[in-house]
Amino acid sequence: MSLLELDGVKVHFPIKKGVLFDRTVGHVYAVDGISLKVEAGQTYGLVGESGCGKTTLGRSVLRLVDITEGSVVLDGTDLAKLPGEEMRRFRRRLQMVFQDPLGSLNPRQNIESILSEGMVAHGIGKDQEERREKIKSILDKVGLPSNALARYPHEFSGGQRQRIGIARALVLEPDVIICDEPVSALDVSVQAQVINLLEELQEELGLTYLVIAHDLAVVRHISDVIGVMYLGSLVEEAPSDALYAEPKHPYTKALMSAVPVPDPEVEDQRERILLVGDLPSPANPPSGCRFHTRCPWAQAERCSTERPELRDVGGGHRVACHFAEEIAAGTLKLTAGEVVSATREGVEDAPPTLPEQAERAEAAVAEAEEAEEAEKAVKAEKADTVEAADAPEKADTAEEKAAEPLEAGKAAEPEPRKAVTTEKDATTEKDAKDAKDAKDAEAEKAAEAGKAEKADEAV
Amino acid sequence: MSLLSVDELTVTFGGVGRKESRAVDGVSFEVDQGQVVGLVGESGCGKSVTSLALMGLLPHKGVKVGGRAEFDGTDLFTMSPSARRDLRGSQMAMIFQDPLSSLNPVVPVGVQVTEILERHRGMKGEAARKEAAHLLDRVGIPDPTRRLKEFPHQLSGGMRQRALIAMAVACAPSLLIADEPTTALDVTIQAQILELLKELVDQEGTALLMITHDLGVVAGLCDQVNVLYAGKVVESAGRRELFAHPTHPYAHGLLGSIPRLDSPRGEALKPIRGSINDRIAWADGCAFAPRCDRYEMGCLTGTPPLTEPRAAGHEVRCVHPVLDDAKAEEVPA
Numbered sequence: 001m002s003l004l005e006l007d008g009v010k011v012h013f014p015i016k017k018g019v020l021f022d023r024t025v026g027h028v029y030a031v032d033g034i035s036l037k038v039e040a041g042q043t044y045g046l047v048g049e050s051g052c053g054k055t056t057l058g059r060s061v062l063r064l065v066d067i068t069e070g071s072v073v074l075d076g077t078d079l080a081k082l083p084g085e086e087m088r089r090f091r092r093r094l095q096m097v098f099q100d101p102l103g104s105l106n107p108r109q110n111i112e113s114i115l116s117e118g119m120v121a122h123g124i125g126k127d128q129e130e131r132r133e134k135i136k137s138i139l140d141k142v143g144l145p146s147n148a149l150a151r152y153p154h155e156f157s158g159g160q161r162q163r164i165g166i167a168r169a170l171v172l173e174p175d176v177i178i179c180d181e182p183v184s185a186l187d188v189s190v191q192a193q194v195i196n197l198l199e200e201l202q203e204e205l206g207l208t209y210l211v212i213a214h215d216l217a218v219v220r221h222i223s224d225v226i227g228v229m230y231l232g233s234l235v236e237e238a239p240s241d242a243l244y245a246e247p248k249h250p251y252t253k254a255l256m257s258a259v260p261v262p263d264p265e266v267e268d269q270r271e272r273i274l275l276v277g278d279l280p281s282p283a284n285p286p287s288g289c290r291f292h293t294r295c296p297w298a299q300a301e302r303c304s305t306e307r308p309e310l311r312d313v314g315g316g317h318r319v320a321c322h323f324a325e326e327i328a329a330g331t332l333k334l335t336a337g338e339v340v341s342a343t344r345e346g347v348e349d350a351p352p353t354l355p356e357q358a359e360r361a362e363a364a365v366a367e368a369e370e371a372e373e374a375e376k377a378v379k380a381e382k383a384d385t386v387e388a389a390d391a392p393e394k395a396d397t398a399e400e401k402a403a404e405p406l407e408a409g410k411a412a413e414p415e416p417r418k419a420v421t422t423e424k425d426a427t428t429e430k431d432a433k434d435a436k437d438a439k440d441a442e443a444e445k446a447a448e449a450g451k452a453e454k455a456d457e458a459v
Numbered sequence: 001m002s003l004l005s006v007d008e009l010t011v012t013f014g015g016v017g018r019k020e021s022r023a024v025d026g027v028s029f030e031v032d033q034g035q036v037v038g039l040v041g042e043s044g045c046g047k048s049v050t051s052l053a054l055m056g057l058l059p060h061k062g063v064k065v066g067g068r069a070e071f072d073g074t075d076l077f078t079m080s081p082s083a084r085r086d087l088r089g090s091q092m093a094m095i096f097q098d099p100l101s102s103l104n105p106v107v108p109v110g111v112q113v114t115e116i117l118e119r120h121r122g123m124k125g126e127a128a129r130k131e132a133a134h135l136l137d138r139v140g141i142p143d144p145t146r147r148l149k150e151f152p153h154q155l156s157g158g159m160r161q162r163a164l165i166a167m168a169v170a171c172a173p174s175l176l177i178a179d180e181p182t183t184a185l186d187v188t189i190q191a192q193i194l195e196l197l198k199e200l201v202d203q204e205g206t207a208l209l210m211i212t213h214d215l216g217v218v219a220g221l222c223d224q225v226n227v228l229y230a231g232k233v234v235e236s237a238g239r240r241e242l243f244a245h246p247t248h249p250y251a252h253g254l255l256g257s258i259p260r261l262d263s264p265r266g267e268a269l270k271p272i273r274g275s276i277n278d279r280i281a282w283a284d285g286c287a288f289a290p291r292c293d294r295y296e297m298g299c300l301t302g303t304p305p306l307t308e309p310r311a312a313g314h315e316v317r318c319v320h321p322v323l324d325d326a327k328a329e330e331v332p333a
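Chains R and L are the protein sequences, given in the same order. Terminal number for the first sequence in our numbering: 459, no gaps in between. Terminal number for the second sequence in our numbering: 333, no gaps in between.
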């Protein structure tokens with residue numbers, strides 16, 4: 001049996017109107033029927049864009065918002081039905097790490113006070129002395145100095161504050177920690193520290209996480225199983241690697257294609273699925289499949305009338321799409337949206353490895369007028385002499401400037417990076433390439449002209 | 001020559017009874033016609049202040065701006081305020097990070113767009129409204145005539161950002177400065193906005209200065225990337241070169257610390273230790289030294305110069321750059 005089981009959880013917020021009579025005129029369907037299982041010692045990642053209900057779901061597990069329908073079972077106890085006081089005591093086993101580390105720490109309490117509050121409430125530790133010892137050991141685990149005890153939240157950096165938030169959850173020795181956007185408020189270089197800390201703690205203490213985040217890359221990194229949410233319901237659930245290897249739901253496909261990868265080589269090969277429009281209002285969700293209004297593969301029949309259920313398509317991969325198989329097989333055509341390249345068309349320095357690109361660049365050089373070539377060579381030499389003669393600092397700038405015309409040329413036309421490694425190399429390479437066959441290159445000619453002009457100014 | 005050339009730009013806040021704080025500490029870069037240049041860095045590295053200084057949007061009091069910035073041959077910092085106003089919005093325009101707080105909440109979107117057309121293009125009344133509708137249509141806002149009458153809060157986040165872009169491109173500027181244009185947006189909307197920016201750059205030949213903390217955004221968009229740390233450019237290279245051979249320990253560490261969608265799972269990230277607060281003044285040495293794994297005593301003898309240890313055009317401000325390729329490839333590929 002799983003440690004935490006959600007079954008058909010719904011959280012609907014009423015929309016009230018009227019002054020005297022609080023008439024309920026509708027509902028915001030924030031969470032609309034979610035069932036998932038979190039296994040002990042594992043990490044379940046919940047991703048989705050803002051407004052999809054992922055935070056509300058996390059809060060509903062802790063009963064920080066009321067559950068309209070469904071059950072949340074932790075270790076055999078249905079939390080949705082627990083009376084207040086029992087629920088309060090149960091919260092020791094379920095803790096939360098909040099998104100905004102500064103906003104979730106009381107600025108007027110010192111760290112010791114913040115961390116011991118929960119312990120006092122749950123009766124952990126005989127006296128303050130014992131609690132302090134415990135807090136010290138936890139602070140050590142999360143990588144904070146023990147002199148942090150007497151300090152206040154504002155004295156810490158963002159990453160450290162998040163560590164305090166994690167420590168606050170840990171002092172109660174919970175079974176499950178719900179992390180709501182644990183790193184989104186942090187800088188990238190600090191994000192990695194906190195992600196690693198969460199992973200280390202899990203290994204050491206055997207924690208179970210429910211991680212809620214919008215950043216697919218972060219969630220993929222730390223989760224064993226990922227659930228993708230759209231407008232209050234799960235559209236896909238799969239083990240982390242399977243989801244990445246083959247996203248089956250159109251929304252997951254679009255979401256994954258939209259995340260930019262910090263690597264030009266990868267970006268050049270990637271395509272992006274552009275969705276049309278924005279997220280519909282959860283107060284007035286579309287009929288049938290919630291995603292059909294934006295789905296690139298939406299079909300005329302079924303999609304707008306019949307709401308797809310999560311169904312298993314093998315290997316623990318669950319998808320809520322009528323046409324998942326057809327889309328995977330490529331038999332369905334795009335009906336909306338478009339697929340575009342992830343890289344900008346005219347972006348500089350195309351890969352030197354691609355054969356056609358190299359050919360094009362060669363052609364460009366071959367077509368360029370010889371006079372210009374010669375001129376450029378002279379300019380480059382001149383730049384070199386300047387470099388040699390002047391003080392080191394000045395030489396630097398001269399070098400920079402000599403490099404500049406080449407850069408400008410690159411910007412205008414894709415050219416292999418190799419061709420512009422150094423001024424001298426560039427010219428020799430070009431001479432060599434001169435001999436080769438030429439193709440169309442009028443535009444490149446213009447670029448060359450631009451270079452020459454630049455060189456004039458630079459030298 | 002370059003469209004925009006920034007030379008040793010410094011911006012200092014405070015003074016008079018308070019400790020001065022130097023947000024931008026000698027930033028130099030150039031943007032050519034039609035080129036996309038990225039300024040990348042974490043919060044507090046001075047990237048936004050750089051853009052505000054270039055646009056002349058910093059407050060007059062309590063801020064000292066030094067260095068030179070030439071736009072199309074004219075010095076931005078010595079020109080008269082009225083000339084600057086003529087330039088701003090028509091020749092150089094800016095797209096801000098938070099579309100809700102940079103639009104006036106009590107003025108309809110249409111009025112905010114036509115305002116620019118009236119100021120810079122001398123259009124009036126119906127003609128201006130028509131042009132505004134055309135602009136909104138061009139940035140992909142459906143039903144533009146209706147949207148013109150609406151207030152910013154009635155538009156979705158992505159649409160607000162589109163409206164801001166429409167305002168920025170209203171006068172076909174030759175330079176567009178985009179300060180974290182997609183940070184406040186969801187990824188699927190971010191993809192739409194990036195696509196729009198790509199189209200603008202490719203079709204109109206607008207030069208774009210892209211300011212972002214997201215290295216992923218830069219990878220597919222920028223020709224030239226400048227990495228900022230604590231107010232100085234620490235590495236500058238073409239995008240392919242930079243991502244293939246991050247040479248400054250900071251850039252190298254940054255690329256190693258980002259979880260990537262396509263990296264094998266289970267591999268621990270290599271974070272950069274400490275935070276941006278752990279830094280020393282550039283005048284004393286390398287500001288990154290306290291967080292750097294390659295730190296040696298030599299790092300603390302004055303500002304490290306920009307050198308080209310790897311290839312021409314790939315500038316690195318480091319005494320002990322990461323030149324070992326084997327090491328660079330350790331970054332999750």
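In this text, a Cβ means the ideal position worked out from N, Cα and C, and glycines have one as well. If you're wondering where the values come from, they're calculated on a predicted model, not measured in any experiment.
Taking Q99 of chain R as the centre and dropping the five residues before and after it, the same chain places the C-beta of D180, E181, S184, A185 closer than 7 Å to its C-beta, in chain order. Nearest C-alpha to E315 of chain L among L:W282, L:S48, L:H245: L:H245.
Burial check for N226 of chain L: the Cβ neighbour count within 10 Å reaches 16 or more, so the residue is buried. A contact between stretches requires three or more CB pairs, one per stretch, nearer than 8 Å, and the region 41 to 49 of chain L meets this requirement with the region 201 to 218 of chain L. Using beta-carbon distances, A192 of chain R counts as an interface residue toward chain L, with a partner under 8 Å. Residues A238, A242, K248 of the same chain have their beta carbon placed closer than 7 Å to that of H317 of chain R, with the five preceding and five following residues left out of the count. No Cβ-Cβ contact shorter than 8 Å links T188 of chain L with A336 of chain R. Distance between G125 of chain L and T114 of chain L, taken at the CA atoms: about 9 Å.
Residues of the region 287 to 305 of chain L that bring their beta carbon within less than 9 Å of a beta carbon in chain R comprise R291, P305, in sequence order. At a cut-off of 8 Å between C-beta atoms, Y152 of chain R does not count as an interface residue with respect to chain L. Taking all protein chains in view, the Cβ of L198 of chain R is crowded by 16 or more other Cβ atoms within 10 Å, so the residue is classified as buried.
In this chain, G15 of chain L is not harboured by any beta strand (DSSP E), its DSSP state being neither H nor E. At least one beta carbon of chain R lies nearer than 8 Å to the beta carbon of K270 of chain L. Selection L:E204, L:R239, L:K270 evaluated against H221 of chain R yields L:K270 as nearest (Cα-Cα).
Residues of the region 323 to 347 of chain R whose Cβ lies closer than 7 Å to any Cβ of chain L, in chain order: V340, A342, T343, R344, E345, G346, V347. In this structure, D72 of chain L and L3 of chain L form a Cβ contact; the two beta carbons are roughly 6 Å apart against a cut-off of 8 Å.
Scanning chain R for C-beta atoms nearer than 7 Å to the C-beta of L215 of chain L yields P262, reported in chain order. The alpha helix (DSSP H) runs of length 4 or more contained entirely in the region 246 to 318 of chain L are, from start to end of the chain, 249 to 257.
Residues of the region 234 to 262 of chain R with a C-beta atom less than 9 Å from some C-beta of chain L are S240, D241, Y244, Y251, A254, L255, M256, S257, A258, V259, P260, V261, P262, listed in chain order. Here DSSP, grouped into helix, strand and coil, assigns H27 of chain R to strand. Secondary structure of Y251 of chain R (DSSP, three-state): helix. Taking C-beta separations shorter than 8 Å and ignoring five residues to either side along the sequence, the partners of V25 of chain R in its chain run I15, K16, K17, following chain order.
Contact check for E203 of chain R against A150 of chain R fails: the beta carbons are separated by 8 Å or more. By the Cβ criterion, the region 22 to 35 of chain L is in contact with the region 227 to 235 of chain L, since at least three pairs of Cβ atoms, one from each stretch, lie closer than 8 Å. Sequence-distant Cβ neighbours of S51 of chain L in its own chain, meaning closer than 8 Å and more than five residues away, are L39, M94, I177, D179, L209, I211. What V266 of chain R touches in chain L, judged by beta-carbon distance under 7 Å, is D262, going in chain order.
Contacts between F96 of chain L and chain R, judged by CB atoms closer than 8 Å, are missing: the closest CB pair is about 19 Å apart.
Assigned with DSSP and collapsed to three states, E235 of chain L falls in strand. Look at D241 of chain R here: in three-state DSSP terms it is helix. In the DSSP assignment, T343 of chain R is bridged to no other residue.
The contact set of A251 of chain L on chain R, defined by CB atoms closer than 8 Å, is empty, because the minimum CB distance reaches about 11 Å.
If the five residues before and after V171 of chain R are omitted, its C-beta is found closer than 7 Å to the C-beta atoms of L115, G118, M119, K134, I135, I138, all from its own chain and listed in chain order. For F71 of chain L, the beta-bridge partners assigned by DSSP are L:L4, L:T74. Shown here for V36 of chain L: same chain residues with a beta carbon closer than 7 Å to its own, the five before and five after excluded, namely V201, L208, M210, L221, C222, D223 in chain order.
As the crow flies, the alpha-carbon of H214 of chain R is around 44 Å from that of G122 of chain L. For the 8 Å CB-CB criterion, L255 of chain R and V228 of chain R form a contact.
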